[in-house]
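J.: Please see the structure below; I have some questions.
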Amino acid sequence: MTTQNKALTSLLSGLLVIMVPIRLISVPYDTARREVRMGQGPGCFPTHGVAERLNALGHDVATTSIDVRSEFPAEVATASEVLRLGADEVRHAVARREFPVNGYRPVPEKHVILVGASDIDPLERSRLGQSQITYLSDEVLNSDDGDRMLGTALDQIGIEVDGIYLHVDLDVHDPRIARANHFRPPGGLTPQRLREAIRTTRNHSNILAASVNAYDPSVDPAGVTLESGLAIIETIAARLPAAKPIEG
38 MTTQNKALTS LLSGLLVIMV PIRLISVPYD TARREVRMGQ GPGCFPTHGV AERLNALGHD
98 VATTSIDVRS EFPAEVATAS EVLRLGADEV RHAVARREFP VNGYRPVPEK HVILVGASDI
158 DPLERSRLGQ SQITYLSDEV LNSDDGDRML GTALDQIGIE VDGIYLHVDL DVHDPRIARA
218 NHFRPPGGLT PQRLREAIRT TRNHSNILAA SVNAYDPSVD PAGVTLESGL AIIETIAARL
278 PAAKPIEG
């Protein structure tokens, strides 16, 4: 993804969007069901102080929630409406010049880095190996050379692009330490290691957009994964310039 401005768009679990000026857009749906499983995740971030944490970094924060009012509620219809309303929010941001986009086009495989994925079946692994996607497994990232290899991959992409889109599925955590949802893939990263990888990403590239999702609070009674998600947002936003106040 390339753009000339330094806007940040962050899509948070199921989903919540951040832009500069920072706007949190909650989309509380999981397979088109409102506030079910991972659809409960987006509401946890505002109620647990994400705005206050961003305020402490000098950012003003506005919030919006995607709410589907369908006459014929069904999975396909609701999912389509969620996508439409989410696209509307992006268009509004473009119109406000908060997130200028010069057209849309597919991201070339060579500009994609898959980091930390541990639950890849044989067919997926074969297709991945045949692609131009750079794959750094959780074992690689957890090694002594993990940060160096990630930085090198980002530097290589940086030759051809202005910035990157960062997507974080919270179930990249080791579920024995920080469980994000009902899926329990083997391996994974500790919260600290994940934040270190994000800092490496931030240090080697311009994060233009980011997303944090796949969080179901019902499997995280101690709030370990929630705290990691909040810290991830802080880490991403830490180097953003303080924005002017926004309305809404």
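The number in my numbering is simply the position in the sequence shown, starting from 1, with 37 added.
Idealized CB from N, CA, C, for every residue including glycine.
Note that the structure is predicted; figures quoted are calculated from it, not measured.
Going by DSSP, what residue range makes up the alpha helix (DSSP H) through residue 239?
T.: For residue 239, the enclosing alpha helix (DSSP H) stretches over residues 228-241.
J.: Could you check the C-alpha separation between residue 188 and residue 234 for me, to the nearest Å?
T.: 9 Å
J.: My assumption, with CB atoms under 8 Å, is that residue 119 sits in contact with residue 202. Please give the rounded CB distance.
T.: Wrong, their Cβ atoms sit about 19 Å apart, outside the cutoff.
J.: Could you say which of 270, 191, 255 and 193 lies nearest to residue 228 if we only look at CA atoms?
T.: The shortest C-alpha separation from residue 228 is found at 270.
J.: Less than 8 Å between the CB atoms is what I'm expecting for residue 94 and residue 275, so what's the real figure, rounded?
T.: 6 Å
J.: Based on Cα-Cα distance, which residue from 273, 268, 251 and 259 lies nearest to residue 76?
T.: Residue 251 is the option with its Cα nearest to residue 76.
J.: Would you mind stating whether residue 209 and residue 153 have Cβ atoms separated by less than 8 Å?
T.: yes
J.: Got a sec, what are the start and stop residues for the beta strand (DSSP E) residue 250 sits in?
T.: 244-250
J.: In chain order, which continuous runs of the alpha helix (DSSP H) of length 4 or greater are located wholly inside the region 81-109?
T.: For the region 81-109, whole alpha helix (DSSP H) runs of length 4 or above, ordered along the chain, are 87-93.
J.: In angstroms with no decimal places, state the Cα-to-Cα distance between residue 103 and residue 273.
T.: 23 Å
J.: Rank 121, 174, 130 and 184 by C-alpha distance to the C-alpha of residue 223 and give the top, closest one.
T.: 174
J.: Tell me whether the beta-carbon of residue 59 lies closer than 8 Å to the beta-carbon of residue 91.
T.: yes
J.: Please name the residue or residues paired with residue 204 in a DSSP beta bridge.
T.: 248
J.: Tell me whether residue 185 sits in a helix, a strand or coil according to DSSP, three-state version.
T.: In the structure shown, the three-state DSSP call for residue 185 is helix.
J.: Helix, strand or coil, according to DSSP, for residue 210 in the structure here?
T.: Secondary structure at residue 210: strand, using DSSP grouped into helix, strand and coil.
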